[in-house]
Each structure stands twice: as structure tokens, then as C-alpha cells.
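Participant: Quick one: structure below, then a few questions.
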Amino acid sequence: MRIPYVRFNFYQNATFCRRSQRRPSSAWALKRRLTSQLHWAVDEAGLPVRFVMTDGVTADGKTAWQLIQGMKAERLIADKAYDSQEILNAGTFMGMEVCIPPRKSRKIQRERDKDLYKTRRLVENAFLKLKRLRGISTRYCKTVASFFAAICLACVVIGWIQ
Numbered sequence: 758m759r760i761p762y763v764r765f766n767f768y769q770n771a772t773f774c775r776r777s778q779r780r781p782s783s784a785w786a787l788k789r790r791l792t793s794q795l796h797w798a799v800d801e802a803g804l805p806v807r808f809v810m811t812d813g814v815t816a817d818g819k820t821a822w823q824l825i826q827g828m829k830a831e832r833l834i835a836d837k838a839y840d841s842q843e844i845l846n847a848g849t850f851m852g853m854e855v856c857i858p859p860r861k862s863r864k865i866q867r868e869r870d871k872d873l874y875k876t877r878r879l880v881e882n883a884f885l886k887l888k889r890l891r892g893i894s895t896r897y898c899k900t901v902a903s904f905f906a907a908i909c910l911a912c913v914v915i916g917w918i919q
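This is the structure in C-alpha cells:
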């Protein structure tokens, strides 16, 4: 007697793992905010002045106004993600020299000062100083409030180390 081969899709027919009993993975990730982004504003020494945390799905250009609002600065240097006409207008209105490279999708490409844009490394170096702290780089904090507090404490430590 020959035993027929039965193809069994384990995930489709599993009774112990019903869809109603499982926690939706997208809601769980948003609850814990595991996809958060950190936006920094640093001074000329590379020390953090202001930062904003957003969800990972929020566009970078939407948070730039929160960073530059009420700041007294000479220059606004950012990467291509912050390239929008609103940010350029806000920076020039506040009296800042704006240095943001244009996106490839812009119809009218504008010039930028390449030597001035090289000072954006201060922001990247501030992120590297932050990621040296193991608890922040591996994201041990499970909630947004505790992660925000850890970043605030790290900013104090980074300021004192300098």
C-alpha cells in the first residue's frame, strides 16, 4: 500500500497560531517606537543644542522647522532630505546662510558652497559620539520616554566630555 504525499502548509493551517490571537506586528512596533528617528541641531563645536525624535516613517523635512524655530544661528547646513522650499525660505527669513544640496528631482538645480557643506561632518560626529554609548546604539530602552531620557542624559555626557 502506498502512502500518498500530502502537502501541508504549516503557517496557513496552524490552529494554535490563529490570526485573532496574534498581536499585530505593525502595531507593536509603533507602540514601542522601534522605528524612531533622531534629528539634531549642533553648534560650531559639534555639541548638541536641540534634538527632535519622530517616527521612522515621518519625513525629515517636516521636523526641520521644529529644529530651527527660534534659533539664533549664522548658518543652516543640512543634507538632501531637508531640501524643500519652505525650509530654504524659513532659513533665509531668519537671517541664516542656507547650505542644503538640491535633490536630483528638483527642476531648478541651485548651487551650494561645497566648502561650507563639509562642516556638516560635525552633525555626523555628534551621532557617532552618541552611538558610542552602548545602551543607545543597541536600543535597550523599550519605550519612547525612556529612550528620550537616555538621549538627554547622553547629550549631557557628551557636553561634559568635550
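Everything in the sequence shown is counted per our numbering, starting at 758 for the first residue and increasing by one. Beta carbons are placed, not taken as given, at the ideal position from N, Cα and C, and that holds for glycine. Computed from a predicted structure; not experimentally measured.
Looking at the secondary structure, which residues open and close the beta strand (DSSP E) in which R832 lies?
Facilitator: Counted from its first residue, the sequence shown places residue 832 at position 75. First-last of the beta strand (DSSP E) with R832: 832 to 834.
Participant: When we look at the beta-carbon of A883 and count the other beta-carbons within 10 Å, is it buried (16 or more) or exposed?
Facilitator: Taking the sequence shown and counting its residues from 1, one reaches residue 883 at position 126. That one is buried.
Participant: Alpha carbon to alpha carbon, how far is R869 from A821?
Facilitator: Within the sequence shown, numbered from 1, the residue matching residue 869 stands at position 112. Within the sequence shown, numbered from 1, the residue matching residue 821 stands at position 64. Approximately 19 Å between the Cα atoms of the pair.
Participant: Could you check where the alpha helix (DSSP H) with Q842 kicks off and where it finishes?
Facilitator: For the purposes of this step, residue 842 is taken as residue 85 along the sequence shown, with counting starting at 1. Residues 842 to 850.
Participant: Using only CA atoms, which one of G813, K871, S862 lies nearest to C856?
Facilitator: Position 99 of the sequence shown holds residue 856. Out of G813, K871, S862, K871 has the C-alpha closest to the C-alpha of C856.
Participant: Apart from the five residues on each side of it in sequence, which residues of its chain come closer than 6 Å, Cβ to Cβ, to L890?
Facilitator: Here residue 890 refers to the residue found at position 133 of the sequence shown. Hits under 6 Å: A911.
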